[in-house]
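Q: Shown below is the structure under consideration.
Structure representation (structure tokens):
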């Protein structure tokens with residue numbers, strides 16, 4: 015990990031599971047196969063898939079706390095680190111990015127943000143971006 019603010023490498027669940035980032039896209043879902051038919055490799059794959067499902071279901075949904083509009087929620091600001099919500103991509107292919115520009119609506123609430131990723135620059139609606147907690151947040 016680096017202290018360079020432009021470095022987009024982060025600590026991932028793979029670091030906790032195997033000590034390095036996971037580099038392969040998860041294979042087909044094997045949660046429904048009875049456990050007595052699993053070999054050691056299949057048990058590891060099942061544990062990995064269960065971890066990803068639980069992490070995305072329990073942790074990611076806690077990050078974008080969406081209260082009613084009468085509560086002030088801090089908008090995205092330039093420099094925020096975000097995960098780009100894309101249900102069509104597997105967990106290992108989720109894009110991580112840094113907000114480089116915000117585009118507020120007529121009410122001065124940020125509705126769209128320009129995000130720099132490892133693959134380029136994207137313009138996405140704010141509701142599709144999950145702000146990650148940082149030290150100064």
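Numbering (the working numbering), first residue to last: 15 to 151. Ideal placement from N, C-alpha and C gives every residue a C-beta, glycine not left out.
#1: Given residue 142, which residues of its chain have a CB within under 6 Å of its CB, disregarding the five upstream and five downstream residues?
#2: If you reduce the DSSP assignment to three classes, tell me which class residue 90 lands in.
#3: Please classify residue 145: is it buried, with 16 or more other beta-carbons within 10 angstroms of its beta-carbon, or exposed?
#4: Put residue 122 into one of helix, strand or coil per three-state DSSP.
#5: Residue 27 by DSSP, collapsed to three states: which one?
#6: Closest to residue 27 by CA distance: which of 20, 95 and 106 is it?
#7: Do residue 91 and residue 129 have their C-beta atoms closer together than 9 Å?
#8: I'd like to check one pair, residue 74 with residue 58: are the Cβ atoms closer than 9 Å?
#9: Where do the ends of the beta strand (DSSP E) carrying residue 143 lie?
#10: Straight-line CA distance for residue 77 to residue 69?
#11: Looking at the strands, I want to know which residues DSSP matches up with residue 139.
#12: Buried or exposed: residue 103, going by 16 or more other Cβ atoms within 10 Å of its Cβ?
A: Let me lay it out:
#1: By one-based count along the chain shown, residue 142 stands at place 128. If you ignore the 5 residues before and after residue 142, its C-beta comes within less than 6 Å of the C-beta of 99, all in its own chain and listed in chain order.
#2: Mapped onto the chain shown, residue 90 falls at position 76. The answer is coil: DSSP assigns residue 90 none of H, G, I, E or B.
#3: As a working mapping, residue 145 is identified with position 131 in the chain shown. When all chains shown are included, residue 145 counts as buried.
#4: Translated into positions along the chain shown, residue 122 becomes position 108. If DSSP states are grouped into helix, strand and coil, residue 122 belongs with coil.
#5: For the purposes of this step, residue 27 is taken as residue 13 along the chain shown, with counting starting at 1. In the structure shown, residue 27 sits in a helix (DSSP, three-state: H, G or I).
#6: Translated into the one-based positions of the chain shown, residue 27 becomes position 13. When each option's Cα is compared against that of residue 27, the closest is 106.
#7: To locate residue 91, count along the chain shown from 1; it is residue 77. To locate residue 129, count along the chain shown from 1; it is residue 115. Result no, Cβ atoms of residue 91 and residue 129 do not sit closer than 9 Å.
#8: If you number the chain shown from 1, residue 58 lands on position 44. If you number the chain shown from 1, residue 74 lands on position 60. The answer is no: Cβ separation not under 9 Å.
#9: Taking the first residue of the chain shown as 1, we reach residue 143 at position 129. Looking at the DSSP string, the run of the beta strand (DSSP E) that includes residue 143 is 143-145.
#10: Translated into the one-based positions of the chain shown, residue 77 becomes position 63. Translated into the one-based positions of the chain shown, residue 69 becomes position 55. Their backbone Cα atoms lie some 12 Å apart in a straight line.
#11: Walking along the chain shown from the start, residue 139 turns up at place 125. In the DSSP output, where bridge partners are listed per residue, residue 139 has 126.
#12: Within the chain shown, the letter at position 89 stands for residue 103. Per the 10 Å Cβ criterion, exposed.
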